[in-house]
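Participant: Once you've had a glance at the structure underneath, I'll fire off some questions.
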Amino acid sequence: MSKESGGSGSQAGPPVVTRPEAIRNVVVVGAAGSGKTTLVERLLVAAGVINRAGSTEDGTTVCDFEEVEHRQRRSVALALAPLVHRGVKINLLDTPGYVDFVGEVRAGLRAADCALFVVAANEGVDEPTRALWRECADVGMPRVVVVTKLDHARADVDGVVAQAQGAFGERVLPVHLHEGGRLVGLITDDHGHDAQRAALIEGIIEESEDETLMERYVGGEQIDTGLLLRDLEVAVARGSLHPVVPVDSTSGVGAVELLDLVVAAFPSPLEHPMPKVWTPTGGPGPAITCDPSGPLVAEVVKTTTDPYLGRVSLVRVFSGTVLPDATVHVSGHRSAWAGSDDAASSHPDHDEDERIGSLSVPLGRSQRPAPSVVAGDLCAVGRLSRAETTDTLASVDMPLVLEPWQVPDPQLPVAIQVRTKSDEDKLGSGLQRLAAEDPTLRVEHDEETHQVVLWTMGEAHADVLLDRLASRYGVEVDEVEVQVALRETFVGPATGHGRHVKQSGGHGQYAVCSIEVEPLPQGAGFEFVDRVVGGAVPRQFIPSVEKGVRSQMLRGVDHGCPVVDIRVTLTDGKAHSVDSSDMAFQAAGGLALRDAATRAGTCLLEPVDEVEVLVSDALVGTIMGDLSARRGKVLGSEPARAPGAVVIRAHVPQLELRRYAAELRSLAHGSASFTRTFAGYERVPEQVSASLPLR
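In terms of UniProt numbering, the sequence shown opens at residue 1 and continues consecutively.
Below you can see the structure in the form of structure tokens.
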């Protein structure tokens, strides 16, 4: 077999490709349990990469599962499985189906040029898969629907195809007739039922560039099957027609036909639109093309940590050629697009030159060395100690940055604490490495609550992160309740008197001040007014009183929470020519504020977020009722961009949102999502404040 040949038979080494047109990058997506990984294994068997036991000739297991995946029996990470078929290298990117790991799916979509949407014949299409279809449609990514689990007792291929057409559109059309566990032929041949055959032929002709075909077909002319197949391939490559191919992963029926379709109809990287390119300083970069001789521009789409190899980066090369032991420029500038200080704190900007290690093609748990990797291809790069997922690798002489793909905002906070003091130092290092691997993880060190909070995509995501923290980095942690940073303010106006007088030999301490405190409207902040007359408080000590008041506001007056939205007016005071000092008047100012609080009374304020929930029409009433039960104020609703969906807006206290990501998923059976932004503070009801654990 030549370097760029392929087909059935054993593949002893990694396929080496020098021409982008001989590459197909295919992401495999679908619901959890739809059979994606089993399909990938069956395609590898059909291409001769592995045997039917799921191993290569040297015994390597193909599925790149971590230990946590074995225990939880679900895929949680993006995995690359390359093969060669009919002289074309096909990089299969297997993605997790569980919605918590949508970040891995987004990485797969970025690395791929086309997609296989896997639907189980016994299950059908779920809402997350519909959302992914819409996302691919927005960018014109070519798609094929693969129906799996044909041998299941409840399999209903025709019913699932009809459901897929309802979910994805009328341009989803079967191309093979399936009977009795085998493919009996192309529907374009005489094997097809009349209705199926007519629908497929008409769909192909409508997308054909030959405007005479429809007239000839309607006139009764028999259209050549070869011509129809060529037009079918063009329509698939344009993303305007989506064939349905049934594949039995047990028997292998349909696997070769699917690989044939991928080679013939899916586009090569040469036809893939290039991401936007910028300079590290934020200016526009040069236009790049999928040219092996062009400037190097590659992107880290996945990062893992190997106990022996260190950090390993899965890279998609968009331009140029990557060589082993070369020095590259690594740029990470997510903050430019994240629009959030939180994201930037977990993934700080960085620019550095690094010498990469070996290049390899991952296959299961093994890495097969590669002499070079050209534009359009994928590979694993070793020894990039600072590169994170979404970072750009470029030439040292021409540093460039690719605009990163959209990363979903994590919405489930999980507070953790180490079990032993000796683990505190290891915790920071472990979390830093996890954040480098996973752009959907945000690590927050809350200065007010003194908690370490992991913002995650859901409970399963959190479980995987904590498992990795323990197994990889030896840090055992416990989950604790997430604390919400509250505020307090004055209920009404009051006066306060502060007296700080001490005599202990030598210079003493003497300061007296009187203040008036008034509550201000929400969000007004703090005002300090000087109305002292007659020099009762010397001018040099008036800033000291303000400093003392501000310091006491940070510590709180009744509940241990910072005080906000008040006006403090200094009205009077006394000083001593020898014993008065800056520190004495600071202390007196704090005492005066506490005294005023005992007279006026205070109340707690809680942070409130504006929440936008995307949900189907059928669940609007349920979701609104749940938001109201969370003390939320529904602001309204409006139709969403997605058909049959609604966006509900509401103001909801953060105290009621701590588990909302998981509870919404359960309430809507995984079909709803939400975002939130800080809206302000509101008074905590007395029945709620009585039950709050305060510092």
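Virtual Cβ for every residue (Gly too), placed ideally from N, Cα, C.
With burial defined as no fewer than 16 other Cβ atoms inside 10 Å of the residue's Cβ, what is the status of S360: buried or exposed?
Facilitator: By the neighbour-count rule (16 or more Cβ atoms within 10 Å), S360 is buried.
Participant: Name the DSSP bridge partner or partners of N319?
Facilitator: The displayed chain sequence assigns Ser, not Asn, to residue 319. Partner(s): V297.
Participant: In angstroms with no decimal places, state the Cα-to-Cα distance between P639 and G621.
Facilitator: Distance between the alpha carbons of P639 and G621 is about 14 Å.
Participant: Taking a contact to mean a Cβ-Cβ separation below 8 Å, would you say E682 touches L591 in this structure?
Facilitator: Not closer than 8 Å, so no.
Participant: Sorted by chain position, which residues of the same chain lie with C-beta nearer than 7 Å to I566's C-beta, five sequence neighbours on each side aside?
Facilitator: T489, F490, V517, E518, P519, L520, F526.
Participant: Run through DSSP, which three-state label would S547 get?
Facilitator: Looking at the sequence itself, residue 547 is Lys, so the reference to Ser does not match. Residue state, collapsed to three classes: helix.
Participant: Taking only the alpha-carbon atoms, compute the straight-line gap between D530 and H497 and give it to the nearest angstrom.
Facilitator: Rounded to the nearest angstrom, the two C-alpha atoms are 15 Å apart.
Participant: Taking the beta strand (DSSP E) that T677 belongs to, which residues open and close that run?
Facilitator: Note, T677: beta strand (DSSP E), 673 to 683.
Participant: Output yes or no for whether 8 Å exceeds the beta carbon distance between F318 and I356.
Facilitator: No, these two residues do not count as a Cβ contact at 8 Å.
Participant: Could you check the C-alpha separation between A343 and P174 for me, to the nearest Å?
Facilitator: Bear in mind that a pLDDT of 49 at A343, under 50, signals an unreliable position, so the number given afterwards is only what the model happens to contain. Looking at the two C-alpha atoms, the distance is approximately 44 Å.
Participant: Figure out for me which residue from Y308, S673, D397 has the closest Cα to the Cα of S366.
Facilitator: Ranking the options by Cα distance to S366, first place goes to Y308.
Participant: Please state the DSSP three-state secondary structure of R555.
Facilitator: R555: helix per DSSP, three-state reduction.
Participant: At least one CB of chain B closer than 8 Å to the CB of A436: is that the case?
Facilitator: Included in the structure is just one protein chain, with no chain B present.
Participant: Which whole-angstrom value is the C-beta distance of G680 and V608, which I expect to be below 8 Å?
Facilitator: G680 to V608, Cβ: 6 Å. Contact.
Participant: Going residue by residue through the region 430 to 480, where are the continuous beta strand (DSSP E) segments of at least 3 residues, counting only ones entirely within it?
Facilitator: List check, beta strand (DSSP E) in window: 442 to 445, 452 to 456, 477 to 480.
Participant: Report the CB separation of V480 from I416 in whole angstroms; it is logged as a contact under 8 Å.
Facilitator: The pair is a contact, with the Cβ atoms about 7 Å apart (cut-off 8 Å).
Participant: So, does the region 375 to 382 touch the region 621 to 636, judging by three or more C-beta pairs under 8 Å?
Facilitator: Contact between the region 375 to 382 and the region 621 to 636 is absent, because fewer than three Cβ pairs lie under 8 Å.
Participant: Are the Cβ atoms of residue 750 and P267 separated by less than 8 Å?
Facilitator: Given that the chain is displayed from residue 1 to residue 695, the structure contains no residue 750 and the question cannot be resolved.
Participant: Please report the residue range of the beta strand (DSSP E) in which T637 lies.
Facilitator: The sequence given here has Ser at residue 637, not Thr. S637 -> beta strand (DSSP E) spans 633 to 639.
Participant: List the whole-angstrom C-beta distance separating V102 from M457, where the pair is believed to meet the contact cut-off of C-beta under 8 Å.
Facilitator: The pair is a contact, with the Cβ atoms about 7 Å apart (cut-off 8 Å).
Participant: Determine the extent of the alpha helix (DSSP H) in which K36 is found, giving its start and end residues.
Facilitator: It spans 36 to 46 - the alpha helix (DSSP H) in which K36 sits, taken as one unbroken run.
Participant: Drop a sphere of 10 angstroms on the beta-carbon of A12, count the other beta-carbons inside from all chains shown, and report buried for 16 or more, exposed for fewer.
Facilitator: The pLDDT assigned to A12 is 47, lower than 50, so where the model puts this residue is not dependable, and the model offers no usable value.
Participant: Which one or two residues does DSSP pair with F490 in a beta bridge?
Facilitator: Partner(s): T602.
Participant: Could you tell me whether the region 448 to 466 touches the region 377 to 394, where touching means 3 or more Cβ pairs closer than 8 Å?
Facilitator: Segments in contact, no.
Participant: Under the rule that 16 or more other beta-carbon atoms within 10 Å means buried, what is R676, buried or exposed?
Facilitator: R676 is buried by the Cβ-count criterion.
Participant: Hey, how far is the Cα of A436 from the Cα of L465?
Facilitator: Cα to Cα, the separation comes out at about 12 Å.
Participant: Thinking C-alpha only, which one of D231, L657, D260, D291 is nearest P273?
Facilitator: Comparing Cα positions, the closest option is D291.
Participant: What does P246 pair with, by DSSP beta-bridge criteria?
Facilitator: DSSP output for P246 lists V147 as bridge partner(s).
Participant: Which term fits P82, buried or exposed, when burial requires 16 or more other beta carbons within 10 angstroms of its beta carbon?
Facilitator: Buried: at least 16 other Cβ atoms inside 10 Å.
Participant: I'd like to know whether the C-beta atoms of V512 and A588 end up nearer to each other than 8 Å.
Facilitator: Against a cut-off of 8 Å, the Cβ pair of A588 and V512 comes out as a contact.
Participant: Cα separation between A326 and A370?
Facilitator: One C-alpha to the other measures close to 14 Å.
Participant: Enumerated in chain order, which unbroken segments of the alpha helix (DSSP H) with a length of 4 residues or greater are wholly contained in the region 218 to 280?
Facilitator: Runs found: 225 to 238, 255 to 265.
Participant: Three or more C-beta pairs closer than 8 Å, one from the region 203 to 218 and one from the region 230 to 237: is that the case here?
Facilitator: As far as the Cβ criterion goes, the region 203 to 218 touches the region 230 to 237, which means the pair count is three or higher.
Participant: Which residues does DSSP list as the beta-bridge partners of R567?
Facilitator: Note: R567 sits in a beta bridge opposite E518, E527.
Participant: Which one or two residues does DSSP pair with V611 in a beta bridge?
Facilitator: Answer by DSSP bridge pairing, in chain order: A650, R676.
Participant: Does the distance from the CB of residue 696 to the CB of G35 come in under 8 Å?
Facilitator: A question about residue 696 goes unanswered here, because the residues of the chain that appear run from 1 up to 695.
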